[in-house]
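In the working numbering, the protein residues as written are 215 to 648.
Right, here's the structure in full:
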């Protein structure tokens, strides 16, 4: 039996798909890439934007049209947030959400044996436990992604995720460390701690993110730890000092921004100001005492009520921080969120135009940051081979590089000297293995 997965959205979704693929493989299924015939088609959906929902529906309809006898599954955030709407998608033989993912295999087997259509979306509840879905290895990655937390307790005006993911649920440290040891034994050298609300880790269990990082650093074989997205207001001065003291932690911080304008942040219901954000950046730089540290972020253009002046101020903030990379998004009006009904909605053409302008500004900042790193030394995890000796990969600072490393293989960590940025990657000189 063959199964095909299609994943939309964040790294947590990708991690969960890896876990589902492993579950199906252990039951005798062969996982095939998109575009190949299969007996089962599963879309792990994202509902952050309406476009994500549309992609899920389009993919399922195409799969059903091309393979009418196959079992089709819609799972993930879309049916969890909008169960009635998702249940109406008759091209999906199984509709289920973000709870009890392990039951997907049982449901699929029932459908393959002739069971009628199944709709099984269970609402999130307070006090529900973190669902354990460990992954032994990642088929297409040289880095390991470990899901450590699920859910979000915040209520940002533009975001549907609390409805799709439920309340904060932290995974026990003992379980995380057990998976990490297994991955280290399989040869992984870098781990990425992923979550829906990473700084919320432990708020429901009496521990915290800092303790988790320190414990993960003690696992033999793991050489690099990288963090997912962080809300700046949830980082404490003591926590920042503790993070900086962990040598294995990559000094690259993805600090969620969304806007560099205070008026827009207030309308978004984000609980910090640009001054507070800058203070966290300053604390992190001070904690590393002159050692290089980099910052990446996300930013939304065209949020309701954003004036041209607000937008220009937001663009200027990117330069003030000096971000290595900025993911720029035009605001997507999301049904079910407070911002959907906000007045002064920005026209779609203007949102797209602002997005392009901000992207260009962010690229200028990126070039300046990378120019300042030229000639410095760092370590690179070799990831994708471009030839027999040339690899692409990322430094500890998350600088994308291309390097000729004879005698090395994907998954190795090597020392390099950074050269010039060519618009895609930094050309680096190989200095030896770590």
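Beta carbons: idealized from backbone N, C-alpha and C, even for Gly.
Please read these numbers as outputs of a predicted model, since none were measured by experiment.
- Membership of residue 558 in any beta strand (DSSP E) is not indicated, and neither H nor E is assigned to it by DSSP.
- Note that the C-beta distance between residue 290 and residue 264 is not below 8 Å.
- Between the region 357 to 371 and the region 395 to 409, the count of C-beta pairs closer than 8 Å reaches three or more; the two stretches touch.
- Contact annotation, residue 512 with residue 541: C-beta distance approximately 5 Å; criterion of less than 8 Å satisfied.
- In the DSSP assignment, residue 608 falls within the unbroken beta strand (DSSP E) covering 604 to 609.
- When the beta-carbon positions are compared, residue 491 and residue 446 come within less than 8 Å of each other.
- In the three-state reduction of the DSSP assignment, residue 462 falls in the coil class, being assigned neither a helical nor a strand state.
- One Cα belongs to residue 475, the other to residue 524, and the distance between them is close to 6 Å.
- As a beta-bridge residue in DSSP terms, residue 647 pairs with 628.
- In the structure shown, residue 284 falls within a coil segment according to DSSP collapsed to helix, strand and coil.
- In terms of CA proximity to residue 546, 563 leads the group 563, 539 and 538.
- Listed in chain order, the non-local C-beta contacts of residue 618 below 7 Å within the same chain comprise 603, 604 and 644, local neighbours out to five positions each way being set aside.
- With contacts defined by Cβ atoms closer than 8 Å, residue 463 and residue 439 form a contacting pair.
- Taking C-beta separations shorter than 8 Å and ignoring five residues to either side along the sequence, the partners of residue 611 in its chain run 464, 465, 466, 506, 507, 508, 538, 587 and 592, following chain order.
- DSSP places residue 504 in the coil class of the three-state scheme, outside both helix and strand.
- Following the DSSP letters along the chain, one finds residue 244 inside the beta strand (DSSP E) bounded by residues 244 to 246.
- As summarised for the region 379 to 431, the continuous beta strand (DSSP E) elements at least 3 residues long and confined to that stretch are 404 to 409, given in chain order.
- Residue 615 sits close to residue 630, with the two beta carbons spaced by under 8 Å.
- Residue 431 and residue 224 have their C-alpha atoms roughly 24 Å apart.
- Unbroken alpha helix (DSSP H) runs of no fewer than 4 residues, entirely contained in the region 322 to 385, are found at 375 to 379, following chain order.
- For residue 238, the uninterrupted alpha helix (DSSP H) segment begins and ends at 225 to 240.
- Within the region 510 to 552, the runs of beta strand (DSSP E) that reach at least 3 residues and sit entirely inside it are, in chain order, 539 to 544.
- The residues 403, 404, 462, 627 and 648, in chain order, have a CB closer than 8 Å to that of residue 437 in the same chain once the five nearest residues on each side in sequence are set aside.
- Cα atoms of residue 294 and residue 314: separation of roughly 12 Å, rounded to the nearest angstrom.
- Ranked by how close their Cα comes to the Cα of residue 347, the residues 325, 285 and 226 have 226 in first place.
- Taking 8 Å as the upper bound for CB-CB distance, residue 261 and residue 219 are not in contact here, some 17 Å apart.
- At least 8 Å separates the beta-carbon of residue 372 from that of residue 582.
- In the three-state DSSP reduction, residue 488 falls in the helix class (H, G or I).
- Comparing alpha carbon positions, the residue from 420, 239 and 577 closest to residue 637 is 577.
- Each residue's CA atom was taken as its position, placing residue 385 and residue 241 some 25 Å apart.
- A direct Cα-to-Cα measurement between residue 380 and residue 635 gives close to 42 Å.
- Counted as a single uninterrupted DSSP element, the stretch harbouring residue 478 is not any beta strand (DSSP E) but the alpha helix (DSSP H) occupying residues 476 to 482.
- In the DSSP assignment, the residues bridged to residue 642 are 617 and 632.
- Taking residue 324 as reference, the option from 361, 302, 280 and 285 with the minimal CA-CA separation is 285.
- In this structure residue 281 is in contact with residue 252, their Cβ atoms being roughly 7 Å apart against a cut-off of 8 Å.
- In the three-state scheme derived from DSSP, where H, G and I count as helix and E and B as strand, residue 590 is classed as coil.
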